[in-house]
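For the protein sequence lines, the chains are A and B, in the order given.
One point on numbering: in the numbering used here, the residue at position 243 of the first sequence is 243, and numbering is uninterrupted.
Just remember that the numbering used here sits 436 ahead of the position in the second sequence, which is counted from 1.
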Amino acid sequence: MQDAKGPDGPDGGPLRPRSWRSPLRGPWLTSALGAVLLVGLPVVFITGLLSNAAYNPWLNGNVALQGRSRSPLDFYLFTWPAHPAWLYAVNEGIHVSLGLALIPAILVKQWSVMPRLVARPAVRSPAHALERLSLVFLVGGIFFEVVTGLLFEEYWVPYHFDFTAAHYYGAWVFFGALGLHTAVKLPKLHESLRTRGSLARVLRTDLKHTVPEPPEDPALEPESLVPSAPASPTMSRRALLGATAAGSVLLGVQGVAQDIGGPVRSLAFLLPRGSELGTGPNDFPVNATYASLGLPDHTIGPRWRLRVSSADGHVLHFSRAELSSRFEQHTYWLPIACREGWSTTQRWTGVRLRDLAAAVGARGTPALLVEALDGATATLASNQVSAAESLLALYVNGVPISPDHGYPARVIVPGEIAVNCLKWVSAMGFARVENA
Amino acid sequence: MSRLRRFYGAQPLHLLATVVSFAIVAAGVAGWFQAGSDSRGIIIWALGSVIAFEWILLPLAWVLDRIALGPRTPRTPRTPRPLGAPRPAGASRTLPGPANRAYVRVPALLSALLLIVFAPLIFRAETPDFEATSGIAPPDYLARWLLATAAMFVISAVAYALSLRRSRDPVDQDPSVFD
């Protein structure tokens with residue numbers, strides 16, 4: 001070690017490499033945790049990109065990212081499919097649940113490599129300097145992603161930026177850095193796991209038999225994670241890994257429970273979507289209350305009319321009673337799946353979107369611009385409009401949908417993100433061409 | 437080529453990977469600015485993440501080590517044992533006390549994890565969106581966290597009791613890992 005100045009003992013504060021004495025630290029432990037993250041984090045990244053694609057951001061009015069199409073990172077390779085119906089619920093459930101479950105592994109991995117940060121000399125070569133600079137983005141990136149994601153889940157907004165854009169581009173910052181980190185460290189990870197021990201042996205080893213990892217050759221590894229002055233272990237490696245795994249289960253279960261919902265929802269006891277609202281037909285989780293819109297009650301009263309138009313200029317108006325009596329009613333079990341990673345599957349009844357298109361004389365397979373009473377807009381792609389299960393829902397579980405769930409009528413589309421399934425619909429415009 | 441390698445300190449392929457990596461990072465940072473919604477705020481939060489890491493997590497990890505490992509008198513031989521060499525006689529690492537502290541530490545760590553991850557809800561941060569969005573008043577997350585903590589310590593205590601009973605039966609121990 002380059003710790004020439006100080007006394008020989010493990011004196012001094014955290015800036016002195018010798019003062020990091022945990023006998024559990026070493027290449028095997030770091031590599032084992034690194035391997036978990038190397039598998040898990042790309043899954044979180046890809047489901048995150050897919051979550052963005054689910055907006056169909058290339059369609060007019062679906063602004064997932066502000067300033068879209070200006071960054072080379074805003075690319076969408078396909079139109080979001082309308083089947084299977086659970087597509088978005090499962091994708092987002094994986095993104096949030098796995099993201100939560102990886103937090104303990106991220107923290108312990110970070111703990112395991114802390115002495116590296118204070119290793120001397122700080123910079124050994126230009127290559128090493130670039131690696132260290134890249135770590136700023138790696139570590140800063142993952143903490144930014146975890147913190148913004150958690151705050152979004154917990155409805156605490158102590159910032160003024162748009163969460164989606166910040167979280168999306170932050171993911172790219174992190175993944176750019178992770179690419180280099182993986183390229184540089186993968187051989188070491190592989191070698192450490194192959195030669196320094198096996199998980200099975202670590203899990204069989206109790207505290208009494210826990211010893212530091214064997215030291216490394218300083219010529220090959222000038223920044224070894226094996227402490228130069230290890231203390232006696234006070235905890236076994238399996239206890240540390242067990243605590244990490246238990247933490248992952250504790251957090252992951254929260255995410256899975258809010259996504260599956262129903263009887264297991266209450267397992268998400270520390271997340272806002274951990275409780276059903278009651279036992280009535282409309283008592284499933286709400287993603288924005290009618291009261292929060294600040295609209296007067298008569299807006300959704302008997303004088304409400306739905307305006308339906310085609311690209312040819314045909315316009316029809318329907319009252320709720322007319323929608324209910326003039327059109328064939330269809331019933332499907334479909335999930336509302338929020339980008340917060342929770343979902344709830346209910347039995348919806350209403351008019352098929354494609355029947356409304358036919359009624360107004362829209363030809364071919366049109367896209368659909370939906371407008372809501374609160375000014376929200378969303379465009380559905382033609383595959384979503386033509387899907388049999390895509391409904392303008394008037395009823396849920398056999399009763400009229402409640403104001404909080406979008407009375408007089410709401411859109412529900414299989415496989416789609418909930419923010420594109422507007423509530424309190426006021427107008428529907430079928431568009432002839434789709435820029436797909 | 438070998439001069440470049442000597443000066444740079446790695447293979448040319450390393451330089452290529454670095455360039456690609458930083459290009460993606462730069463595009464991500466540029467995206468923050470192009471997003472056009474308080475990009476200054478995003479940058480401050482991103483820098484805050486780095487600073488929080490260096491100035492909070494690093495000392496925290498060190499302090500946790502100190503708490504876990506106790507006073508800093510080293511009990512192990514100063515010179516590390518070479519790979520594969522037998523353990524020197526008398527270098528027993530058995531704890532002085534009978535209790536394995538993991539049974540206290542693991543539930544304590546898990547409780548701390550839940551506290552950190554769900555701090556905004558547990559400490560009742562201003563969340564005006566909570567009720568408007570979900571239609572329900574926030575439940576008492578502090579009580580839920582305390583209950584979860586209590587439950588974890590109880591489970592750990594039961595596990596400890598079971599391990600004490602088991603350790604009365606003599607069992608052959610496996611050899612040390614990394615020996």
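Glycine residues also receive a C-beta, built at the ideal position from the N, C-alpha and C atoms.
| Item | Value |
| --- | --- |
| Hey, could you find the ends of the alpha helix (DSSP H) Tyr169 of chain A is sitting in? | 163–195 |
| Measure from the alpha carbon of Ile336 of chain A to the alpha carbon of each residue in A:Pro296, A:Asp374, A:Ala311, A:Gly262, then state which is nearest. | A:Gly262 |
| Quickly, what does DSSP pair Gln346 of chain A with across the bridge? List them, please. | A:Leu334 |
| Looking at chain A, which residues of the region 582–604 of chain B have a Cβ within less than 8 Å of any of its Cβ atoms? | Ala584 |
| Would you call the region 268–280 of chain A in contact with the region 558–575 of chain B, where contact means no fewer than 3 C-beta pairs closer than 8 Å? | yes |
| Return the residues of the region 89–105 of chain A that lie within a Cβ-Cβ distance of less than 8 Å from chain B, sorted by chain order. | Leu100, Ile103, Pro104 |
| Suppose you measure from the CA of Thr569 of chain B to the CA of Ser402 of chain A; what does that come to, to the nearest Å? | 15 Å |
| Is Asn287 of chain A close to chain B? Criterion is C-beta to C-beta, closer than 8 Å. | yes |
| So what's Phe559 of chain B in DSSP terms, helix, strand or just coil? | coil |
| Kindly provide the ranges of any beta strand (DSSP E) runs that are 3 or more residues long and lie completely inside the region 355–401 of chain A, ordered along the chain. | 367–372, 377–380, 391–396 |
| Write down every uninterrupted run of the alpha helix (DSSP H) in the region 562–593 of chain B whose length is 4 residues or greater and which is fully enclosed by it, in chain order. | 564–570 |
| Assuming Thr345 of chain A and Leu334 of chain A form a contact by the criterion Cβ under 8 Å, report the distance between their Cβ atoms to the nearest whole angstrom. | 7 Å |
| Roughly how many whole angstroms lie between the Cα atoms of Arg529 of chain B and Ala597 of chain B? | Caution is warranted here: a pLDDT of 47 is assigned to Arg529 of chain B, below 50, making its placement in the model unreliable, and the coordinate value is therefore given only provisionally. In a straight line, the C-alpha of Arg529 of chain B is about 23 Å away from that of Ala597 of chain B. |
| Pull the bridge partners of Gly415 of chain A from the DSSP assignment, please. | None; Gly415 of chain A has no bridge partner. |
| Is Trp491 of chain B close to chain A, meaning its C-beta is less than 8 Å from at least one C-beta of that chain? | no |
| To which residues of the same chain is Phe430 of chain A closer than 6 Å at the C-beta, ignoring the five residues directly before and after it? | Ser310, Ala357, Ala362, Pro366, Leu368 |
| Hey, could you find the ends of the alpha helix (DSSP H) Val139 of chain A is sitting in? | 126–153 |
| If Trp172 of chain A and Gly484 of chain B are in contact, beta carbons under 8 Å, what's the gap, nearest whole angstrom? | Wrong, their Cβ atoms sit about 19 Å apart, outside the cutoff. |
| In the structure shown, what three-state DSSP assignment does Met426 of chain A receive? | A small fix is needed here, since residue 426 of chain A is Ser in this sequence, not Met. Ser426 of chain A: strand per DSSP, three-state reduction. |
| So, helix, strand or coil for Arg204 of chain A, using DSSP? | helix |
| Name, in chain order, the residues that DSSP records as bridge partners for Arg479 of chain A. | Because chain A is modelled from 1 through 436, residue 479 of chain A falls outside the range shown and cannot be assessed. |
| Name the chain B residues that come within less than 7 Å of Ala127 of chain A, Cβ to Cβ? | Tyr444, Gly445, Ala446, His450 |
| Please identify, using Cβ separations under 7 Å, the residues of the region 534–549 of chain B that lie next to chain A, in order along the chain. | Asn536, Arg537, Ala538, Arg541, Val542, Leu545, Leu546, Leu549 |
| Run the CB neighbour count on Pro104 of chain A, radius 10 Å, all protein chains shown included, and call it buried at 16 or more, exposed below. | buried |
| Counting only the same chain and skipping the five closest in sequence on each side, list residues whose C-beta sits under 7 Å from that of Phe163 of chain A. | Thr148, Phe152 |
| Report the option in A:Ser22, A:Glu216, A:Pro414, A:Ile142 whose CA atom is closest to the CA atom of Arg352 of chain A. | A:Pro414 |
| At a CB-CB cut-off below 8 Å, which residues of chain A make contact with Leu551 of chain B? | Here the premise fails: no neighbours, minimum Cβ distance about 10 Å. |
| Is Ser31 of chain A closer than 8 Å to Leu189 of chain A when the C-beta atoms are compared? | yes |
| Using DSSP bridges, identify the partner residues of Phe78 of chain A. | For Phe78 of chain A, which the question treats as bridged, DSSP gives no partner whatsoever. |
| With distances taken from CA atoms, which of B:Val461, B:Phe443, B:Leu550 is nearest Leu251 of chain A? | B:Leu550 |
| At least one CB of chain A closer than 8 Å to the CB of Leu505 of chain B: is that the case? | yes |
| Check whether the Cβ atoms of Asp259 of chain A and Ser343 of chain A lie closer than 8 Å to each other. | yes |
| If you measure from the beta carbon of Phe318 of chain A to each beta carbon in chain B, is any gap under 8 Å? | no |
| When you compare only the Cα positions, how much space is there between Gly40 of chain A and Pro285 of chain A? | 29 Å |
| By how many angstroms is the C-alpha of Asp312 of chain A removed from the C-alpha of Ala412 of chain A? | The sequence shown places Ile at residue 412 of chain A, rather than the Ala named in the question. Taking the straight line joining both Cα atoms gives about 25 Å. |
| Please report the straight-line C-alpha distance between Leu133 of chain A and Gly176 of chain A, rounded to a whole angstrom. | 12 Å |
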